[in-house]
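Residue numbers (our numbering): 9 to 132.
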């Protein structure tokens with residue numbers, strides 16, 4: 009397996025772990041509180057979208073298609089950060105998994121932005 013293929017495989021695992029952590033956090037939240045339930049559903053959608061859209065990006069048919077999908081990944085991770093911050097700051101949800109997801113969201117956004125920039129900078 010080439011280095012690039014290995015890195016792609018590792019990143020697929022990382023985004024899947026992010027989606028799985030999002031699901032586990034969702035299952036642990038007191039969704040009977042209306043505000044928590046609303047935010048949690050939004051988080052569940054955006055957090056799992058990061059992994060599914062990255063999988064689509066890894067099978068892109070062109071550089072433009074790849075960049076478009078990677079930009080979507082960054083947007084979904086950023087949206088996930090918003091829901092996590094609101095759960096923490098306004099709903100007073102405290103957990104290690106929430107804090108881990110916030111840090112991981114930030115790292116994933118930086119990686120996605122870098123990926124898109126590198127592809128855009130490639131000579132045509």
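For glycine and all other residues, C-beta sits at the position ideal for the given N, C-alpha and C.
When C-beta atoms of the segment 30-40 are compared with those of the segment 61-71, fewer than three pairs fall below 8 angstroms, so the two segments do not count as touching. Here residue 9 is exposed. Its C-beta has fewer than 16 other C-beta atoms within 10 Å. Membership of residue 59 in the alpha helix (DSSP H) is indicated by the continuous run 42-65. Only buried fits residue 52, as 16 or more other CB atoms lie within 10 angstroms of its CB. Contact annotation: residue 43 and residue 99 have beta-carbon atoms nearer than 8 angstroms. Going by C-alpha positions, residue 71 is about 11 angstroms away from residue 125.
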